[in-house]
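Contents: one structure, followed by commentary.
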Amino acid sequence: MCPSPKSGVRRPTRLRARCGAGLALLASGCTGVLDPVGPVGAADSQILIDATIIMLAIVIPTIVLAFWIAWHYRASNTKAEYLPYWSFSGRIEAVVWSIPILTIMFLGGVIWIGSYRIDPFRPLPSATPPLEVQVVALDWKWLFIYPQQGIATVNQLVVPAGVPVHFSITSASVFNVFFVPRLGSMIYAMPGMISQLHLQADRPADLFGLSAHFSGDGFSDMQFEVKSVPPAQFAAWAQGVRNSGPVLDLPTYAKLAQQSQNVPPLTFRGVDPRLFQAISAQKIPPAPGPEPANPEHAGREVSTGGRH
């Protein structure tokens, strides 16, 4: 069993770090997707449950029939009819092919309709204007820019409960995947492109988000805190961020974009309004990767990996 990230026990190998990341992703699918806090997460959960029930309607009878056949046609049962020279039955062929085809059509229809209703690019119905959040995937951390509030955070996402959130997502490095399991709809962060995603948390809650796509040594720790708070508390939090901390300008961003692991949450009281567009349009080049000749960046082969 991999130790808890908060246990203070250091994972001695990169293999165990990957083990921890895999278990975290598996746990997020079990305890996150099936315990949604927003409309998109609830729709995702319903699609998963419906698909499972439809498939079990085929799987369970098939398993039962397999055991029944083994029991009914056992050697000691002389009453079982045995037809050693049977070669074709139109009725059996019709059943064998029609049931899977109809099941696939039904399952595909259920999933397609459910997925269409929660198209990531489609705004959520609400009388409240959405909160704008710009997301940048870095090595190996997440940058969140709040253009309406003029602030930014790293590995910390705070949103008001009951308010739709419009995410504009890009990557300053390699492909990545933005995913908050209990809010739903993982989506790719791609360099040179902007993905759109609309989510909402219906109630205050402490959640977590993660990277769902392997992107290098620091991938296993590319997680971030998600807090859904009442709107008044969100406004107070944003005001508090504006009153302290550094400004995220181009020189500060250049340092932030360098590869780093186990990055604690931090905030910026101000942000260059042109930063996100410059990153998404690749006007700002990606930060350099490992440099074997540099002792501080001795290459991926010596990375510690994992959370300490």
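FYI, the working numbering numbers position 273 of the sequence shown as 377, with every residue one higher than the one before it.
No residue lacks a Cβ here, since even glycine has one placed at the ideal position from N, Cα and C.
In this text the structure is predicted, and so the values were computed from the model without any measurement.
- Item | Three CB pairs or more closer than 8 Å across the segment 359–376 and the segment 281–289 | Segments in contact, no.
- Query: Relative to the C-alpha of K245, which residue among Y357, I164, V137 is closest?
  - Reply: Nearest of Y357, I164, V137 to K245, Cα basis: Y357.
- Query: Span of the beta strand (DSSP E) holding Y250?
  - Reply: First-last of the beta strand (DSSP E) with Y250: 245–250.
- Query: When the distance is taken between beta carbons, is V141 closer than 9 Å to H302?
  - Reply: In this structure, V141 does not lie closer than 9 Å to H302 by Cβ.
- Message: Classify G126: buried if its beta carbon has 16 or more other beta carbons within 10 angstroms, exposed otherwise.
- Response: With a pLDDT of 45 at G126, under the threshold of 50, the modelled position of that residue is not reliable, and the figure given next carries that caveat. G126 comes out exposed.
- Task: Within its chain, find whatever has a CB closer than 6 Å to the CB of F380; leave out the 5 residues flanking it on each side and keep chain order.
- Result: Result list for F380: Q238, I249, in chain order.
- Message: By the DSSP assignment, the beta strand (DSSP E) with G266 in it spans what residues?
- Response: Unbroken run through G266: none, as it is neither H nor E.
- Message: Are the CB atoms of Q260 and F328 within a distance shorter than 9 Å?
- Response: Contact flag set, yes.
- Query: Does the beta-carbon distance from M290 to S275 come in below 9 Å?
  - Reply: A distance of 9 Å or more separates the beta carbons of M290 and S275.
- For Q319, count neighbouring C-beta atoms within 10 Å of its own C-beta (all shown protein chains included) and say buried if the count is 16 or more, exposed if not. Checking the sequence shown, residue 319 turns out to be Ser, not Gln. Counting Cβ neighbours within 10 Å, S319 comes out buried, since at least 16 surround it.
- Message: Output needed for W175: all residues of its chain with C-beta closer than 7 Å, excluding positions within five of it in sequence on either side, in chain order.
- Response: Here W175 has no same chain residue with a Cβ atom under 7 Å from its own Cβ, once five neighbours each way along the sequence are excluded.
- Query: What residue does the alpha helix (DSSP H) around L206 start on, and which one ends it?
  - Reply: In the DSSP assignment, L206 falls within the alpha helix (DSSP H) that extends over 194–221.
- Message: Between the alpha carbons of A76 and V262, how many angstroms are there, rounded?
- Response: Lying before the first or after the last residue shown, residue 76 is absent from the chain, which here runs from 105 to 412.
- Distance CB(L360)-CB(L242) smaller than 9 Å: Pairing L360 with L242 gives a Cβ-Cβ distance under 9 Å.
- Task: Report the option in T207, A382, P251, I215 whose CA atom is closest to the CA atom of R346.
- Result: Among T207, A382, P251, I215, the Cα nearest to that of R346 is on P251.
- Query: When the distance is taken between beta carbons, is V137 closer than 9 Å to S152?
  - Reply: Position check: residue 152 holds Leu in this sequence, whereas Ser was assumed. The answer is yes: Cβ separation under 9 Å.
- Query: What is the DSSP secondary structure of A131, counted as helix, strand or coil?
  - Reply: For A131, the pLDDT reaches just 44, beneath the cut-off of 50, and the residue's location in the model is therefore unreliable, leaving the point undetermined.
- Task: Name the two residues that bound the continuous beta strand (DSSP E) containing A302.
- Result: Going by the sequence as given, residue 302 is His instead of Ala. For H302, the uninterrupted beta strand (DSSP E) run begins and ends at 299–303, by DSSP.
- Query: Do G349 and A305 have their C-beta atoms closer together than 9 Å?
  - Reply: No. Outside cutoff.
- Does DSSP classify G313 as helix, strand or coil? When DSSP states are grouped into helix, strand and coil, G313 belongs to the strand group.
- Item | F171 burial status per 10 Å Cβ neighbour count (16 or more: buried) | By the 10 Å Cβ count, F171 comes out exposed.
- Item | For S230, three-class secondary structure by DSSP | DSSP places S230 in coil when its eight states are reduced to three.
- Query: In three-state terms, what does DSSP make of V367?
  - Reply: The answer is coil: DSSP assigns V367 none of H, G, I, E or B.
- Rounded Cβ spacing between V269 and P234 (contact assumed at less than 8 Å): P234 and V269 do touch by the CB rule: their CB atoms are close to 6 Å apart, below 8 Å.
- Going by the beta-carbon positions, is the gap between G313 and A146 smaller than 9 Å? For G313 and A146, no; Cβs fall outside 9 Å.
- Query: Taking the alpha helix (DSSP H) that T156 falls in, what are its first and last residues?
  - Reply: Run containing T156: 143–176, per the alpha helix (DSSP H) assignment.
- Message: Assuming S384 is part of the alpha helix (DSSP H), what are its boundary residues?
- Response: Where S384 is concerned, the enclosing alpha helix (DSSP H) stretches over 379–384.
- Item | Buried versus exposed, by CB contacts within 10 Å (16 or more), A231 | Taking all protein chains shown into account, A231 has fewer than 16 neighbouring C-beta atoms within 10 Å of its C-beta and is therefore exposed.
- When the Cα atoms are used, what is the spatial distance from V240 to V199? Taken atom to atom, the span from the alpha-carbon of V240 to that of V199 is near 51 Å.
- Item | Proximity to R307 [Cα-Cα], best of Q337, D321, D148 | That would be Q337, whose Cα lies nearest to the Cα of R307.
- Task: May I ask which residues mark the beginning and end of the alpha helix (DSSP H) holding V258?
- Result: Looking at the DSSP string, V258 is not in any alpha helix (DSSP H); the run it does join, the beta strand (DSSP E), is 255–258.
- Task: Label Q363 either buried or exposed according to how many other C-beta atoms from any shown protein chain fall within 10 Å of its C-beta, with 16 as the threshold for buried.
- Result: The residue in question, Q363, is buried, as its Cβ has 16 or more Cβ neighbours within 10 Å.
- Message: Let's see if you can read the secondary structure: which residues bound the beta strand (DSSP E) around K359?
- Response: Not the beta strand (DSSP E): K359 falls in the alpha helix (DSSP H), residues 354–360.
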